[in-house]
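A.B. asks: Residue numbers (my numbering), protein chains in the order written: chain H, 16 to 364; chain A, 16 to 364. The beta-carbon is built from N, C-alpha and C at its ideal position, and this holds for glycine as well. None of the values given here were measured: they were computed from a predicted structure. Here it is, the structure, as structure tokens.
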């Protein structure tokens with residue numbers, strides 16, 4: 016049975032929110048978990064859950080007293096003495112802190128005691144330890160981060176969302192392929208539609224990288240349908256399954272979307288606080304706003320997948336609440352069970 | 016007195032919305048204008064305005080019967096036999112169509128009959144004709160597009176928003192300087208705060224271009240304060256005046272923001288249409304939503320400025336309504352009167 020290893024010490028609200036989310040997932044999805052971190056601190060959170068259930072007001076949702084029977088859950092605890100902090104240089108940190116929670120969580124997958132990792136700490140450390148600890152799938156030049164974004168219709172996969180700061184057309188071609196396998200096997204998109212993120216629709220638009228990538232994908236669309244260039248504003252139409260780009264551009268786009276959505280909800284909140292009438296209308300509108308927030312909140316998607324390594328690593332937002340971690344565990348479980356890595360290995364080699 | 020030349024034939028809703036916006040601006044801001052295009056078609060719109068006033072339901076605002084006294088406005092008409100269409104390759108088109116509305120509108124500035132151009136047609140054609148017709152300011156390596164974006168506080172300037180698909184650190188340094196002069200002289204920001212759009216806050220983050228740009232700006236912040244790297248999500252905090260990036264990245268960010276905002280407003284609209292209760296709440300919430308829409312709608316900013324050429328070119332959105340054009344004329348007028356080009360010339364040389 017699929018077991019998910021979780022870096023219990025990674026993230027702004029670790030270990031509390033991480034442990035709560037992990038337990039919640041174990042209970043909801045009947046998935047065995049392995050919590051990696053300082054056991055005494057993890058145990059404190061478990062004791063709180065045993066007494067009061069899961070309560071959290073992080074991440075925009077208010078969760079109250081969700082009862083779980085810990086004795087019926089398959090939860091393994093693995094001691095990790097060290098923690099890699101957000102500011103540390105990833106490459107140095109994973110070599111220096113061999114007993115850190117992220118390194119040992121990845122190690123659990125490498126050794127086979129778990130099948131996937133969920134990590135909400137330093138993205139760089141999660142990538143470096145996965146690359147180092149799990150190794151690349153044979154034939155994959157560079158792993159890439161596949162992020163799931165909300166659209167007007169079904170979500171779209173943006174790859175690479177920041178694993179590599181620069182790329183070649185050949186790398187982007189592999190990202191397209193890995194993203195397509197993810198869309199097909201995890202999101203059940205039959206013959207995924209793949210586009211290139213560009214600044215115009217025409218073939219001759221953009222910088223040299225995207226022009227060359229366009230040509231490569233046009234001639235080598237194996238396992239997916241190439242639909243050409245996709246502009247930033249079309250990302251949200253939901254007419255395409257996978258959008259390929261360089262990590263730098265993808266990460267800027269991802270964070271811009273996050274910032275833009277947050278600003279809009281902030282402006283809406285402010286607008287509904289100007290006087291008594293606005294407060295009343297705001298109260299009436301609240302359930303509707305909540306539904307929209309739920310649809311676009313990154314916490315619903317749990318985290319982004321690092322594709323191309325021999326194992327599944329789900330990279331969650333640093334500000335992940337228990338709800339985000341619960342969803343991240345679900346994503347990890349689905350990715351393992353879909354066999355997406357096997358499909359990538361077959362197609363790449 | 017400042018006269019603004021307007022490409023009356025450029026844009027999805029030309030000439031109707033363009034002429035209406037131009038007349039509206041002439042009336043509201045007491046600014047002389049020069050409409051460049053097919054005079055018979057322009058005259059038709061003017062006749063309609065004379066009879067019924069300005070009416071428009073484009074661009075999210077419903078405008079009805081705004082009365083203007085055409086006889087009191089300073090409106091010059093200049094015949095242009097040709098129009099450059101959206102799909103045409105800009106470089107070829109401006110050489111082939113020497114009597115096109117955009118080429119002749121730029122020509123009006125080059126000859127001195129007008130002081131600035133407003134263009135809502137092909138961005139490439141507007142850039143190419145400006146570069147060719149007006150020439151670069153001495154010392155400026157490459158012109159750049161400065162777009163104004165909404166934030167939680169005051170707007171921020173994103174430069175380059177798409178004039179160049181690739182750049183060097185030296186070019187980005189000049190963009191920083193031009194953006195800062197724009198922020199200072201047009202938006203009255205004393206000692207503008209300038210940041211580099213990046214995927215992390217730390218100096219060593221990002222690709223080689225942004226790393227080198229960081230170093231250059233740190234050592235050469237003349238006329239502005241360098242505040243380091245700015246992540247996509249921080250764009251909307253309003254804590255910085257100018258954000259510098261490569262044109263490809265800037266254009267992706269700009270269009271992503273547009274798409275993301277449009278999706279959110281679409282989702283809100285849908286949510287307020289599900290049943291009778293939602294429709295009633297939606298009606299009550301409408302005035303509040305309108306205020307937020309007004310705050311983030313790109314039409315409020317009128318258009319982006321092409322900085323670095325000897326003249327002012329305002330590049331408006333292809334879907335510009337009369338309201339957007341009216342604001343674009345205001346931006347053009349303010350830019351001319353601020354003497355931003357003179358300041359750029361002084362600092363660059």
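Whose C-beta lies closer than 7 angstroms to the C-beta of residue 358 (chain H) among residues of the same chain, with five residues either side of it excluded?
C.D. replies: Along the first chain, one-based indexing puts residue 358 (chain H) at 343. Same-chain partners within the cutoff: 196 and 200.
A.B. asks: Against residue 250 (chain H), what residues of chain A qualify as contacts under a CB-to-CB distance less than 7 angstroms, listed in chain order?
C.D. replies: As a working mapping, residue 250 (chain H) is identified with position 235 in the first chain. Neighbours of residue 250 (chain H) on chain A, chain order: 271 and 274.
A.B. asks: Is residue 228 (chain A) buried or exposed, if buried means 16 or more other CB atoms sit within 10 Å of its CB?
C.D. replies: Within the second chain, numbered from 1, the residue matching residue 228 (chain A) stands at position 213. So residue 228 (chain A) counts as buried.
A.B. asks: Could you have a look at residue 53 (chain H) and say whether DSSP puts it in helix, strand or coil?
C.D. replies: Counted from its first residue, the first chain places residue 53 (chain H) at position 38. The answer is coil: DSSP assigns residue 53 (chain H) none of H, G, I, E or B.
A.B. asks: Give a yes or no on whether the minimum CB-CB distance between residue 214 (chain H) and chain A is below 8 angstroms.
C.D. replies: Working through the first chain from its first residue, we reach residue 214 (chain H) at position 199. It does; some Cβ of chain A falls within 8 angstroms.
A.B. asks: Short of 7 angstroms Cβ to Cβ, which residues in the region 225 to 253 of chain A face chain H?
C.D. replies: So the list reads 246, 247, 248, 249, 250 and 251, given in the order they occur along the chain.
A.B. asks: For the alpha helix (DSSP H) that residue 194 (chain H) lies in, which residues bound it at each end?
C.D. replies: Counting from one through the first chain, the residue named residue 194 (chain H) turns up at place 179. Looking at the DSSP string, the run of the alpha helix (DSSP H) that includes residue 194 (chain H) is 184 to 200.
A.B. asks: Along chain A, in chain order, which residues have C-beta atoms closer than 8 angstroms to that of residue 166 (chain H)?
C.D. replies: Position 151 of the first chain, counted from the first residue, corresponds to residue 166 (chain H). What residue 166 (chain H) touches in chain A: 278.
A.B. asks: Report the three-state DSSP secondary structure of residue 80 (chain H) (helix, strand or coil).
C.D. replies: The residue you call residue 80 (chain H) lines up with position 65 of the first chain. It is a strand residue.
A.B. asks: Between A:276, A:198 and A:254, which lies nearest to residue 238 (chain A) when the distance is taken from Cα to Cα?
C.D. replies: Mapped onto the second chain, residue 238 (chain A) falls at position 223. Per the Cα distances, A:198.
A.B. asks: Are the C-beta atoms of residue 286 (chain H) and some chain A residue less than 8 angstroms apart?
C.D. replies: Taking the first residue of the first chain as 1, we reach residue 286 (chain H) at position 271. Chain A contact via Cβ: present.
A.B. asks: Taking only three categories from DSSP, how would you classify residue 104 (chain H)?
C.D. replies: Position 89 of the first chain, counted from the start, is the residue given in the question as residue 104 (chain H). Residue state, collapsed to three classes: coil.
A.B. asks: Using a Cβ-Cβ cut-off of 8 angstroms, state whether residue 222 (chain A) counts as contacting chain H.
C.D. replies: As a working note, residue 222 (chain A) is residue 207 in the second chain. It does: the Cβ of residue 222 (chain A) has a partner Cβ on chain H nearer than 8 angstroms.
A.B. asks: Pull up the distance between the alpha-carbon of residue 161 (chain H) and that of residue 124 (chain H), whole angstroms please.
C.D. replies: Here residue 161 (chain H) refers to the residue found at position 146 of the first chain. Here residue 124 (chain H) refers to the residue found at position 109 of the first chain. Straight-line Cα distance between these residues: approximately 20 angstroms.
A.B. asks: Out of H:176, H:99 and H:301, point me to the one whose CA is closest to residue 292 (chain A)'s CA.
C.D. replies: For this step, residue 292 (chain A) is matched to residue 277 along the second chain. Of the listed residues, the one whose Cα sits closest to residue 292 (chain A) is H:301.
A.B. asks: Take every Cβ of the region 40 to 53 of chain H, pair it with every Cβ of the region 16 to 24 of chain H, and state whether three or more of those distances are shorter than 8 angstroms.
C.D. replies: Judged by pairs of C-beta atoms under 8 angstroms, the region 40 to 53 of chain H touches the region 16 to 24 of chain H, as three or more such pairs exist.
A.B. asks: Distance, Cα to Cα, residue 138 (chain A) vs residue 330 (chain A)?
C.D. replies: Position 123 of the second chain holds residue 138 (chain A). Position 315 of the second chain holds residue 330 (chain A). In a straight line, the C-alpha of residue 138 (chain A) is about 7 angstroms away from that of residue 330 (chain A).
A.B. asks: Within the 8 angstroms Cβ cut-off, does residue 257 (chain H) reach chain A?
C.D. replies: By one-based count along the first chain, residue 257 (chain H) stands at place 242. So no, residue 257 (chain H) is outside the interface.
A.B. asks: Using a 10 Å radius around the Cβ and a threshold of 16 neighbouring Cβ atoms, would you call residue 110 (chain H) buried or exposed?
C.D. replies: Position 95 of the first chain, counted from the first residue, corresponds to residue 110 (chain H). With fewer than 16 other Cβ atoms within 10 Å, it is exposed.
A.B. asks: Are there 16 or more other CB atoms within 10 angstroms of the CB of residue 263 (chain H), so buried, or fewer, so exposed?
C.D. replies: Within the first chain, numbered from 1, the residue matching residue 263 (chain H) stands at position 248. Per the 10 Å Cβ criterion, buried.
A.B. asks: Are the region 39 to 48 of chain H and the region 330 to 344 of chain H in contact at 8 angstroms, needing three or more beta carbon pairs?
C.D. replies: yes
A.B. asks: Can you tell me which of the three DSSP states residue 22 (chain H) falls into?
C.D. replies: Along the first chain, one-based indexing puts residue 22 (chain H) at 7. Note: residue 22 (chain H) maps to strand in three-state DSSP.
A.B. asks: Identify, in the order they occur along the chain, each residue of the same chain with its Cβ nearer than 7 angstroms to the Cβ of residue 311 (chain A), setting aside the five sequence neighbours on each side.
C.D. replies: In the second chain, the residue the question calls residue 311 (chain A) occupies position 296. Same-chain partners within the cutoff: 165 and 276.
A.B. asks: Within 8 angstroms of any Cβ in chain A, is that where the Cβ of residue 31 (chain H) sits?
C.D. replies: On the first chain, residue 31 (chain H) is found 16 positions in, with the first residue counted as 1. No, residue 31 (chain H) does not count as interfacial toward chain A.
A.B. asks: So which residues of chain H does residue 14 (chain A) contact, with C-beta pairs closer than 8 angstroms?
C.D. replies: This structure leaves residue 14 (chain A) out entirely; chain A is present only between 16 and 364.
A.B. asks: Run down chain D in chain order and give the residues with a C-beta less than 9 angstroms from the C-beta of residue 309 (chain H).
C.D. replies: Absent here is chain D; the protein component of the structure consists of chains H and A.
A.B. asks: Would you mind working out which of A:71, A:194, A:60 and A:118 sits nearest residue 155 (chain A), comparing C-alpha positions?
C.D. replies: Here residue 155 (chain A) corresponds to residue number 140 of the second chain, with the count starting at 1. The option with the nearest alpha carbon to residue 155 (chain A) is A:194.
A.B. asks: With a cut-off of 8 angstroms on the beta carbons, I'd call residue 334 (chain H) and residue 74 (chain H) a contact; round off their distance for me.
C.D. replies: Residue 334 (chain H) sits at position 319 when you count from the first residue of the first chain. Residue 74 (chain H) sits at position 59 when you count from the first residue of the first chain. 7 angstroms between Cβ atoms; contact.
A.B. asks: Rank H:337, H:278, H:209 and H:303 by C-alpha distance to the C-alpha of residue 308 (chain A) and give the top, closest one.
C.D. replies: Walking along the second chain from the start, residue 308 (chain A) turns up at place 293. Of the listed residues, the one whose Cα sits closest to residue 308 (chain A) is H:278.
A.B. asks: Along chain H, which residues have their Cβ under 8 angstroms away from the Cβ of residue 299 (chain A)?
C.D. replies: What you label residue 299 (chain A) is simply residue 284 of the second chain in a count that begins at 1. Per Cβ cutoff of 8 angstroms: 296, 299 and 300.
A.B. asks: Using a Cβ-Cβ cut-off of less than 8 angstroms, give me the residues of the region 169 to 202 of chain A that come near chain H, in sequence order.
C.D. replies: 177, 180 and 181
A.B. asks: State yes or no: is the beta carbon of residue 306 (chain A) nearer than 8 angstroms to at least one beta carbon in chain H?
C.D. replies: The residue labelled residue 306 (chain A) in the question sits at position 291 within the second chain. True, the Cβ-Cβ gap to chain H drops below 8 angstroms.
A.B. asks: So, do the region 213 to 223 of chain H and the region 267 to 276 of chain H have three or more beta carbon pairs nearer to each other than 8 angstroms?
C.D. replies: no
A.B. asks: What are the uninterrupted segments assigned as alpha helix (DSSP H) that are 4 or more residues long and contained completely in the region 134 to 189 of chain A, given in chain order?
C.D. replies: 138 to 149
A.B. asks: Going by the DSSP bridge assignment, what does residue 71 (chain A) pair with across the sheet?
C.D. replies: Start at 1 with the first residue of the second chain, and residue 71 (chain A) comes out as number 56. In DSSP, residue 71 (chain A) forms a bridge with A:78.
A.B. asks: Kindly indicate which residue of A:171, A:283, A:272 and A:304 has the alpha-carbon position closest to the one of residue 285 (chain H).
C.D. replies: Within the first chain, the letter at position 270 stands for residue 285 (chain H). When each option's Cα is compared against that of residue 285 (chain H), the closest is A:304.
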